[in-house]
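Asks: Below is a structure I'd like to ask you about.
Number of protein chains: 2
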Amino acid sequence: MAATPVWSVDPRTGKQRERVAVEATPHEVDGAVRAAHTARAALADATTRAAFLRGAAGLLDGAADLVVAAADAETALGPGRLTGELARTTGQLRAFADAVDEGSYLDVRIDRADPSLTPPRPELRRYKVPLGVVAVYAASNFPLAFSVPGGDTASALAAGCPVVVKAHPDHPATSELCASLLRRAAVAAGLPAEVVGLVHGFDAGLELIRHPLVSAAGFTGSIRGGRALFDAAAARPVPIPFHGELGSLNPVVVTGAAAAERAEEIGTGLAGAVTLGAGQFCVKPGLVLVPDGPDGDRLADALAKSLAETGPGVLLDHRMRENFLAGVRERAALPGVTAPVAPGPGGDHAVAAGFLSVGARDLLEGGAHEPLLEECFGPVTVVVRYSGQREAADVLGRLGGNLSATLQLSRAEGEGAPGPAGELIRQVTELAGRIVVNGWPTGVAVAPAQHHGGPYPAATSHSTSVGGTAIERWLRPVAYQSVPDALLPAELREANPLGLPRRVTGG
Amino acid sequence: MAATPVWSVDPRTGKQRERVAVEATPHEVDGAVRAAHTARAALADATTRAAFLRGAAGLLDGAADLVVAAADAETALGPGRLTGELARTTGQLRAFADAVDEGSYLDVRIDRADPSLTPPRPELRRYKVPLGVVAVYAASNFPLAFSVPGGDTASALAAGCPVVVKAHPDHPATSELCASLLRRAAVAAGLPAEVVGLVHGFDAGLELIRHPLVSAAGFTGSIRGGRALFDAAAARPVPIPFHGELGSLNPVVVTGAAAAERAEEIGTGLAGAVTLGAGQFCVKPGLVLVPDGPDGDRLADALAKSLAETGPGVLLDHRMRENFLAGVRERAALPGVTAPVAPGPGGDHAVAAGFLSVGARDLLEGGAHEPLLEECFGPVTVVVRYSGQREAADVLGRLGGNLSATLQLSRAEGEGAPGPAGELIRQVTELAGRIVVNGWPTGVAVAPAQHHGGPYPAATSHSTSVGGTAIERWLRPVAYQSVPDALLPAELREANPLGLPRRVTGG
């Protein structure tokens, strides 16, 4: 059987740029996983891991021009955005190196023996060990920060887990370039290059999730693709954790008081959040509750003006463009839905941003309006005009899980006693992993307290794929009972030779 | 359709004692879940939850005579063991109340805004919120500590999640009694009784796992039953976490030096661990690597002597007794397997303890010896005689995941440099959630650093069902970005009115 070539495609023209690789055969996937598995012992030393992550960040920064050019040629995201994404990516690698140095991710807990208890308590010392080989499924829309050198890879390596990345077909050349830099950094840190593997091809992705030596997976992508892999992970003879980020509507609620206070500012800000990266953000606001009446009208007008002024955008690939156009057509045809600024084609390879509008009552009682409650990837949002908090609450009550929920509140609502705004906070907390007030959900800060996840389908687990605690996904606890000090891992020895933070109980 | 009665059965005679309840219909399961879901808001206050847990412990202790008598009549575990189990259970309820008071389970993290960063970092405040209604599947072998008032229930309530327990058919009357005490404690603490629900019946258990308002499940039981529920949890339109403890062989390795030092002590101790609770412990040592030669022979002799002196034991139910007898027969018939003390029937309703013995080479090369690597519930263990560390390592390499692994080492092996004992520690860390040296795995201490879980099939997730971190299973993180102080949950406010431990970054 001939190898299936993997082409790098220019989304601005739809033309094949170069033949980058071939799709991995089952044998090749097996080889990559086995090589990674064999290399895992080399990752046991924390100092080496931290040096590796910092070295990788340095090599990526040093090759910034090359990396940004490669990614732009394949994704059309533009050098500005991609330069920022690279900085975010290398910052993330360094942040995980810092987390490794600091050590609290090991969650060391020590209970001293207590013979006075009934029954007597033995000595227990617990920390966390890496799971083993992690499969990383790269995202289309972040060729760096959620792909080969992205958060899943960085956090897994930080945890001590080798990774095999399944490249996204939208940026195979960028993937190869980044993988080669990571592998070079590994070797420079004294590690085998095989701690980072890369495979191409849909079937290779399925092989990977089913491989007995793969111990966990991270995924960023669509509900359909993510659910298929989640199901495969759960159906294995030995099921493994599947940390997937699948889809999110990211509702926004604009209160009447907020619209009265700053309708134009909110409308313009919303347009920016909807069109950033051509609307290809997992945290793009996809449903916006705007009050009925003149203040809401002013907001919609400002949104319309900004969107109409936005130039056409190129989506990541042709299929995505078709899905966007079909999704918009389907939604615009629903009863009661208007398109004040019609989203649609913008030349042969681009799309024009826009928004749809519908009354809350139509949405709630229409019966066929479910598509409005589903993510539509690309530069479009749905404005739902509501009358009274009860109606807004009813719409929120129809939503599934989300990565984010945003409230636009007036100054007084933010400063005063909770009241209705407090009730909104409570309601969206049930819906989402991150609550934003008077800002926009786009731009997920890489920070220790970040949470990028949420109830299904936002995420398939309760973990985060961004921020300090993302490392927790790739570790499992082990307790050592009455183990002599000389035989304990260094992390748990009484003298604490690694200087780790730890919680000690008793004695 | 007539209701299916639920009978309490005396395992010492096989006779029905009393009709306790009826199996829950789908409508009744729905009612219990909805009532629990409605009651969840009442659990939001941490002080109330802690008082509830302590009140429940008090009521259970106050009714100790009743509870122990009820459990003994249905399980034949004996008043001594059950009195200890009740103390463990109420101690566990109080320990989770203490954890609620202490507050670090909320894992509060605060990142102050940093406008000097590129891009500027917004303020982020993260903590954890309860998932919602938790389904708890009670274990056969611990009618208290892993059943209605057990660790899953205690940790879920501590997290703020109402529970609906699926009673185990081996102790329906004990389950009803304990549920009534928990519900009385709830009401005394000012909570709705519906924060604790109870249903009976196999089908009710399936209804429960599929119910849209159930948000997570805890399970202790067999691989077959647990895997079926795990699969159902994963197949839901909205999958939920399933924390199951399914099965474990709990390997023990006795080194040559340890056998030389104290063969008789180890053999006798092993007999005690194998017959405790008639061998019905999930951490019963089920496979013991004993060195070839005279020291190993002395160990086997001491084991044989102790087991032969152990009186017959009554298993939890008739089906379990049949499975034990069939399991022992199947294993004893394998080539090369001997039965130095034959386990088997011990009167009409009891069983006699014993052990099987096999050479490591027979086990490794026999081809049909897989059953020896699977848990056999009841008072039996398999002694594998090995020659040299390499052979022991080969046997360990054939095992799946385990709750525990135990090493019996000589004094010198514990005190000296790691060497071969260190290599054993490293190998069993890959296999198990808890490593015990020179003790026995039975008796899982309720303690902050405990870990009772392990690679599949020991557990279906990387969490623990015993110890302080068991509460983590029922919570998910939420981050609040730029939310005004007045609108934040009290747990996250700047002034820290609840006095919670927190990690603050920046500013």
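Keeping their order, the protein sequence lines are chains A and B. If you're matching positions, the first sequence starts at 19 in our numbering and goes up one per residue. If you're matching positions, the second sequence starts at 19 in our numbering and goes up one per residue. All C-beta atoms, glycine included, are put in the ideal place defined by N, C-alpha and C. If you're wondering where the values come from, they're calculated on a predicted model, not measured in any experiment.
Does any CB atom of chain B fall closer than 8 Å to the CB of Pro97(A)?
Replies: Counting from 1 along the first sequence, the entry for residue 97(A) is found at position 79. No, no contact with chain B.
Asks: Would the C-beta of Ser158(A) count as close to the ligand MN, meaning under 7 Å from any of its heavy atoms?
Replies: Here there are no bound small molecules, and the ligand MN is not part of this structure.
Asks: When the Cα atoms are used, what is the spatial distance from Pro309(A) to Val401(A)?
Replies: For this step, residue 309(A) is matched to residue 291 along the first sequence. For this step, residue 401(A) is matched to residue 383 along the first sequence. Their Cα atoms are separated by approximately 10 Å.
Asks: Mind listing which residues of the stretch 216 to 249 of chain A have their C-beta closer than 8 Å to chain B's C-betas, in chain order?
Replies: Within the stretch 216 to 249 of chain A, the residues whose Cβ lies closer than 8 Å to some Cβ of chain B are Phe248 and Asp249, listed in chain order.
Asks: Can you tell me whether Ala234(A) is helix, strand or coil according to DSSP?
Replies: Taking the first residue of the first sequence as 1, we reach residue 234(A) at position 216. Reduced to three states, the DSSP call for Ala234(A) is strand.
Asks: Nearest CA to the CA of Gln407(A): which residue from Gly419(A), Leu427(A) and Val398(A)?
Replies: For the purposes of this step, residue 407(A) is taken as the residue at position 389 of the first sequence. Considering only alpha carbons, the answer is Leu427(A).
Asks: Can you tell me which of Leu505(B), Val484(B) and Pro312(B) puts its alpha carbon nearest to the alpha carbon of Pro437(A)?
Replies: Translated into positions along the first sequence, residue 437(A) becomes position 419. For the sequence presented, residue 437(A) should be read as Gly rather than Pro. The shortest C-alpha separation from Gly437(A) is found at Leu505(B).
Asks: Comparing the C-beta of Thr43(B) with each C-beta of chain A, is any distance below 8 Å?
Replies: Taking the second sequence and counting its residues from 1, one reaches residue 43(B) at position 25. No - not a single Cβ of chain A is within 8 Å of the one on Thr43(B).
Asks: Taking Phe160(B) as the reference, which of Ala69(B), Thr192(B), Arg520(B) and Arg144(B) has the closest Cα?
Replies: For this step, residue 160(B) is matched to residue 142 along the second sequence. The option with the nearest alpha carbon to Phe160(B) is Thr192(B).
Asks: Cutting at 6 Å between CB atoms, please list the residues of its own chain near Phe164(B), excluding the five before and the five after it.
Replies: Reading the second sequence from its first residue, position 146 is the one you call residue 164(B). Ala157 and Thr238, listed in sequence order.
Asks: With which residues is Gly261(B) paired in a DSSP beta bridge?
Replies: Stepping through the second sequence from its first residue, residue 261(B) is reached at position 243. Note that residue 261(B) is His in the sequence shown, not Gly. Gly236(B).
Asks: At 4 residues or longer, and completely inside the stretch 63 to 99 of chain A: list those alpha helix (DSSP H) runs for me, N to C.
Replies: Counting only runs of 4 or more, we get 64 to 80 and 82 to 93.
Asks: Please decide whether Val301(B) counts as near chain A, where near means a Cβ-Cβ distance under 8 Å.
Replies: By 1-based counting over the second sequence, the position of residue 301(B) is 283. No, Val301(B) lies away from the interface with chain A (no Cβ there is under 8 Å from its Cβ).
Asks: Check the Cβ-Cβ distances between Gln426(B) and every residue of chain A, and say whether any is below 8 Å.
Replies: Stepping through the second sequence from its first residue, residue 426(B) is reached at position 408. Output row for Gln426(B): interface = no.
Asks: Select from Ala89(A), Ala62(A) and Ala250(A) the residue whose C-alpha is nearest the C-alpha of Pro230(A).
Replies: Along the first sequence, read from residue 1 onward, the residue named residue 230(A) stands at position 212. Minimum Cα distance to Pro230(A) is reached at Ala250(A).
Asks: For Phe220(A), which option in Pro187(A), Arg245(A), Ala211(A) and Val232(A) has the closest C-alpha, if you only look at C-alpha atoms?
Replies: What you label residue 220(A) is simply residue 202 of the first sequence in a count that begins at 1. The candidate whose alpha carbon is nearest that of Phe220(A) is Pro187(A).
Asks: Looking only at C-alpha atoms, which of Pro29(A), Glu431(A), Gly396(A) and Val213(A) sits nearest to Ala74(A)?
Replies: By 1-based counting over the first sequence, the position of residue 74(A) is 56. It is Val213(A) whose Cα lies nearest to the Cα of Ala74(A).
Asks: Hey, quick one: how far does the beta strand (DSSP E) through Ser405(A) stretch, first residue to last?
Replies: Here residue 405(A) refers to the residue found at position 387 of the first sequence. Note, Ser405(A): premise wrong, no beta strand (DSSP E); not H, not E.
Asks: Check the DSSP bridge columns for Thr523(A) and list the partner residues they point to.
Replies: Taking the first sequence and counting its residues from 1, the one referred to as residue 523(A) is at position 505. For Thr523(A), which the question treats as bridged, DSSP gives the partners Asp129(A).
Asks: Please identify, using Cβ separations under 7 Å, the residues of the stretch 449 to 464 of chain A that lie next to chain B, in order along the chain.
Replies: If the cut-off is 7 Å between Cβ atoms, the stretch 449 to 464 of chain A has Gly451, Arg452, Ile453, Val454, Val455, Asn456, Gly457, Gly461 and Ala463 near chain B.
Asks: Do Ser500(B) and Pro459(B) have their beta-carbon atoms positioned less than 8 Å apart in this structure?
Replies: Numbered from 1 along the second sequence, position 441 holds the residue referred to as residue 459(B). Numbered from 1 along the second sequence, position 482 holds the residue referred to as residue 500(B). No, Cβ-Cβ distance for Pro459(B) and Ser500(B) is not below 8 Å.
Asks: Tell me whether Thr273(B) sits in a helix, a strand or coil according to DSSP, three-state version.
Replies: Counted from its first residue, the second sequence places residue 273(B) at position 255. In the structure shown, Thr273(B) sits in coil (DSSP, three-state: anything other than H, G, I, E or B).
Asks: Could you pull the start and end residues of the alpha helix (DSSP H) that Pro312(B) belongs to?
Replies: Start at 1 with the first residue of the second sequence, and residue 312(B) comes out as number 294. Pro312 to Glu327 is the span of the alpha helix (DSSP H), which, as asked, contains Pro312(B).
Asks: In three-state DSSP terms, what is Asp464(B)?
Replies: Counting from 1 along the second sequence, the entry for residue 464(B) is found at position 446. Strictly speaking, residue 464(B) in this sequence is Val, with Asp absent from that position. The answer is coil: DSSP assigns Val464(B) none of H, G, I, E or B.
Asks: List the endpoints of the continuous alpha helix (DSSP H) containing Gln445(B).
Replies: Position 427 of the second sequence, counted from the first residue, corresponds to residue 445(B). Gln445(B) -> alpha helix (DSSP H) spans Gly437 to Thr447.
Asks: Does any residue of chain B have a CB that is nearer than 8 Å to the CB of His469(A)?
Replies: The residue labelled residue 469(A) in the question sits at position 451 within the first sequence. Judged by the 8 Å Cβ criterion, His469(A) is in contact with chain B.
Asks: Should Gly542(A) go down as buried or exposed, given a rule of 16 or more other Cβ atoms within 10 Å for buried?
Replies: There is simply no residue 542(A) to check, as chain A begins at 19 and stops at 525 in what is shown.
Asks: If I'm right that Val271(B) touches Leu442(B) with Cβ under 8 Å, what's the distance once you round it to whole angstroms?
Replies: Mapped onto the second sequence, residue 271(B) falls at position 253. Mapped onto the second sequence, residue 442(B) falls at position 424. The pair is a contact, with the Cβ atoms about 6 Å apart (cut-off 8 Å).
Asks: Name the residues in the stretch 309 to 333 of chain A whose C-beta lies less than 8 Å from a C-beta of chain B; which are they?
Replies: Against chain B - using a Cβ distance shorter than 8 Å - the stretch 309 to 333 of chain A contributes no residues.
Asks: Does any C-beta atom of chain B lie closer than 8 Å to the C-beta of His480(A)?
Replies: Walking along the first sequence from the start, residue 480(A) turns up at place 462. For His480(A), the answer is yes, since a Cβ of chain B falls inside 8 Å of its Cβ.
Asks: Quick one: is Ala82(B) near chain A, going by C-beta distance under 8 Å?
Replies: Here residue 82(B) refers to the residue found at position 64 when the second sequence is read from its first residue. So, not an interface residue.
Asks: Using CA atoms only, rank isn't needed, just tell me which of Thr65(B), Arg242(B) and Ala82(B) is closest to Glu120(B).
Replies: For the purposes of this step, residue 120(B) is identified with residue 102 of the second sequence, where counting begins at 1. Minimum Cα distance to Glu120(B) is reached at Thr65(B).
Asks: Between the C-alpha atoms of Leu333(B) and Pro358(B), what's the straight-line distance to the nearest angstrom?
Replies: What you label residue 333(B) is simply residue 315 of the second sequence in a count that begins at 1. What you label residue 358(B) is simply residue 340 of the second sequence in a count that begins at 1. The straight-line gap from Cα to Cα measures roughly 22 Å.
Asks: How about Ala88(A) and Leu95(A): are their beta carbons less than 8 Å apart?
Replies: For the purposes of this step, residue 88(A) is identified with residue 70 of the first sequence, where counting begins at 1. For the purposes of this step, residue 95(A) is identified with residue 77 of the first sequence, where counting begins at 1. No. Outside cutoff.
Asks: What's the call for Pro137(B), buried or exposed, on a 16-neighbour Cβ count within 10 Å?
Replies: As a working note, residue 137(B) is residue 119 in the second sequence. Result: exposed.
Asks: So which residues on chain B does Gly432(A) lean against when the C-beta distance must stay under 8 Å?
Replies: Taking the first residue of the first sequence as position 1, residue 432(A) is located at position 414. Within chain B, the residues near Gly432(A) are Pro502, Ala504 and Leu505.
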